[in-house]
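Below is one structure, written out as structure tokens, with a few remarks after it.
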Ligand code: A3P
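Structure follows, in structure tokens:
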């Protein structure tokens, strides 16, 4: 989209953000969650779309097959904070969702989540992805998505990732903030991209048990097949190929879908520096990430 100019990054209540995620703040904060809403929360590029589509098929694949062939994934699972001039805001789409439950996505750190989600004790699914693969995935996403600030080159991008100067702020604060929240909030299911990549069936079973769902073996098989990387990549209602601000000539939304792709991007020196920095940032955290499976 040539006429669209990239937004600037700025500090918003202590977190780096772009105006696309903050300009609807009042309406977001007063959003009325319902007790059966399910919030899918992630730092960008952690596997939001993957889990969104799994949940979409789990809840509506059989009940509402028309939805599966007519609506884009972002219409089925609205992005709460997104506010762009040429489309309904995430809040509007969420408010107009006819489904029960409503599946809603957010990239906010936990302290920005509207209070009604906590008051209503909504179930929240948080997906975390290891920092190295996430940084690579985010870099390519920012290159192709004109609704994101200018990414610059890879080495400066990696430095900004380490400094928390990307949209949604510090990855370290995000994953740790949600992890701490999980310790006192039984409504949060915290899962990892790498576990899903390693054994989607096992993680699917854990998700179902958290949600109190019991799909048949056949349904489970169908959902896991439909949500494989290749199926999602070729599904035009899922792969974001119609999003006007994304330039697929630069990179695809469904790019590689791998654990360990960071090895093709990090130099030995970058990896050493990153590991040193990571150890310091995560020294008080009990979170443990895998960078290969
Ligand atoms: P890559 O850029 O590493 O390929 P989000 O939905 O949070 O924006 O995350 C996008 C990332 O999740 C992309 O990572 C994308 O390829 C990956 N992804 C989406 N669906 C996937 C699937 N079914 N299996 C593996 N990875 C998937």
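Residue numbers (this note's numbering): 462 to 754.
A virtual CB, placed ideally from N, CA and C, is assigned to each residue, including glycine.
* To do: Under 7 Å Cβ to Cβ from residue 512, same chain only, skipping five residues before and after it: list those, please.
  => Excluding the 5 residues flanking it on each side, residue 512 has same chain C-beta neighbours closer than 7 Å at 501, 586, 588, in chain order.
* To do: Give me the Cα-Cα distance between residue 664 and residue 499, rounded to the nearest whole angstrom.
  => In a straight line, the C-alpha of residue 664 is about 17 Å away from that of residue 499.
* Are the CB atoms of residue 674 and residue 520 nearer to each other than 9 Å? -> Annotated as proximal: residue 674 and residue 520, with beta-carbon spacing under 9 Å.
* Less than 9 Å separating the beta-carbons of residue 482 and residue 601? -> If you check the CB distance, residue 482 and residue 601 do not come in under 9 Å.
* Asked: Does any heavy atom of ligand 1 sit closer than 8 Å to the C-beta of residue 540?
  -> Residue 540 has its CB no nearer than 8 Å to any heavy atom of ligand 1.
* **Own chain, CB closer than 6 Å to residue 688, minus 5 neighbours either side, in chain order** => Same-chain partners within the cutoff: 514, 515.
* **Chain-order list of residues whose beta-carbon lies under 6 Å from that of residue 750 (same chain, five-residue window excluded)** => Around residue 750: 591.
* Thinking C-alpha only, which one of 711, 517, 465, 729 is nearest residue 685? -> Looking at the Cα atoms, 517 is the closest of the given residues.
* Can you tell which of 672, 471, 633, 543 has the C-alpha that lies nearest to the C-alpha of residue 739? -> Nearest of 672, 471, 633, 543 to residue 739, Cα basis: 633.
* Going by beta carbon distance, what residues of the same chain come within less than 7 Å of residue 470, once the five residues before and after it are set aside? -> Only residues of its own chain outside the window of five on either side were considered, and among them 477, 479, 610, 626, 628 have a CB closer than 7 Å to the CB of residue 470, listed in chain order.
* Roughly how far, in whole angstroms, is the beta-carbon of residue 593 from the beta-carbon of residue 735, given that I think they are within contact range, below 8 Å? -> Residue 735 and residue 593 do touch by the CB rule: their CB atoms are close to 7 Å apart, below 8 Å.
* Could you check how far apart the C-beta atoms of residue 615 and residue 726 are, in whole angstroms? I think they sit under 8 Å. => Contact flag correct, Cβ pair sits at about 6 Å.
* Asked: Just to confirm, are residue 489 and residue 556 a CB contact at a threshold of 9 Å?
  -> No.
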